[in-house]
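Colleague: Before I ask anything, here is the structure I am working with.
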Amino acid sequence: MPPRHQPKNLILLLKTHKLTVFLTLPGTSTVAEAKAEALTAFTSSVLENPEPHPEVMDEDDEEWRVPKVSSVDDFELARAAKAQGRPTGRYEKLDPTAQLKNVVSNWDPIFVQFRDENGELLPVKVSIPPILPEEYEDTSTQKGKRKADE
């Protein structure tokens, strides 16, 4: 089977804290252009009041609040470093001059590293929900119609 070609437009998942932003950019765009799009998302009014029903929000709201940014110099974009196809928990900063198609694939997550007051990069803080919920019950242990207790 021949290798699949990259699409002309990439859909990227920008992840930080408990926030995921979908970015759609041409593959020929640079990482700096992706940062500019991310800045637009981070300065959006939607980030101020993300949930119209505050009673359903988590209690650890302050810990997971996305830091305020005013320019593209306040953060860097990174990708997860992988060893044998699995994430290692480390992140590689993306070169702002690199074309997106050369550093990421379609639907790849891109992580945000914010800078502190001194200009030092903070570690990536992201919450990735589990694929299967904790209360998931294996269907093989569920009883069917004919096997139900009487």
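The sequence shown begins at 6 in this note's numbering and counts up one residue at a time.
All C-beta atoms in this analysis are idealised placements derived from N, C-alpha and C, irrespective of residue type, glycine included.
With the cut-off set at 7 Å, would you say V108 and F116 are in Cβ contact?
Modeller: Taking 7 Å as the Cβ cut-off, V108 and F116 do not qualify as a contacting pair.
Colleague: Would you kindly report the start and end of the unbroken beta strand (DSSP E) that includes N14?
Modeller: N14 to T21 is the extent of the beta strand (DSSP E) around N14.
Colleague: Please report how far the alpha carbon of T24 lies from the alpha carbon of K13, in whole angstroms.
Modeller: It should be pointed out that residue 24 corresponds to Leu in this sequence rather than to Thr. One C-alpha to the other measures close to 26 Å.
Colleague: Where does A103 fall in DSSP's three states?
Modeller: Coil, per DSSP.
Colleague: From the DSSP output, which residues share a beta bridge with R120?
Modeller: For R120, which the question treats as bridged, DSSP gives the partners L126.
Colleague: Return the residue from the list S50, Q104 and R120 that minimises the CA-CA distance to E81.
Modeller: Among S50, Q104 and R120, the Cα nearest to that of E81 belongs to R120.
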